[in-house]
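Here this note's numbering is used: position 90 in the sequence shown is 104, and no number is missing along the way.
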Amino acid sequence: MKQLSDYSLNGDNLITLNPEWPIMMEKKSYCGAYLIYHYKTGKFYVGHSKCLYSRKYQHLSRLKSNTHSNKDLQEAYLDDSNISFTVIQFTINEDEAINVEQHLLDFYFNTGLLFNKEPNARNSIGSIRDNESKRNISNGNRKIWQSSGYRELKS
């Protein structure tokens, strides 16, 4: 099976890591595109957010509580929780973050490396979710909003 490192993005440097990013992430208000890499499978999930810090918290909280809406990512996490949340690129605004995510989806969607189910970064309108996925999204949202860490993050 091919790994993420087997691919390049034609010099766009979207996966170049910056040593200052962990410090920037702690400031909690940065917009950008990210990936969640699952080491055992070599697969990853690509996303974007207006607030990368809170999005990371949401993903990890849902994975830990077994309520993540992406069943394949959830199953991989339950099998082996060794994952990383990596900022691909910080952006000025959400539109730029969406463009970065879309670029990655266009490049990787048919490679078998993605956990993403939809090829469109803008939204999942038109996606058909089964009842279990809907329940997981609802339960995950409820747990996040009830957690003290998330309330502190938003204040």
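Built from N, CA and C at the ideal position, the CB exists for glycine as well.
Treat the numbers as computed from the prediction; the structure is a model and nothing was measured.
- For secondary structure counted as the beta strand (DSSP E) over 3 or more consecutive residues, the segment 77 to 140 holds these complete runs in sequence order: 97 to 105.
- Under the criterion of beta carbons closer than 8 Å, residue 50 and residue 87 qualify as touching, at roughly 7 Å.
- For residue 61, the uninterrupted beta strand (DSSP E) run begins and ends at 57 to 63, by DSSP.
- Here residue 51 is bridged, per DSSP, to 58 and 98.
- Judged by beta-carbon spacing, residue 119 lies beyond the 8 Å limit of residue 58, meaning their Cβ atoms are not closer than that value.
- Short of 8 Å from the beta carbon of residue 74, and not among the five residues preceding or following it, lie these beta carbons of its own chain, in chain order: 99.
- About 18 Å separates the beta carbons of residue 131 and residue 80, which is beyond the 8 Å limit, so they are not a contact pair.
- The alpha-carbon of residue 101 is positioned some 17 Å away from that of residue 121.
- Check the Cα spacing between residue 56 and each of 124, 152 and 97: the tightest is with 97.
- Separation of residue 65 and residue 44 (C-alpha to C-alpha, rounded to the nearest whole angstrom) is 5 Å.
- The beta carbons of residue 48 and residue 69 sit closer together than 8 Å.
- For residue 114, same chain residues with a beta-carbon under 8 Å away, outside a window of 5 residues either side, are 28, 46, 47, 62, 102, 103 and 105 in chain order.
- In this structure, the CA atom of residue 145 is about 25 Å from the CA atom of residue 126.
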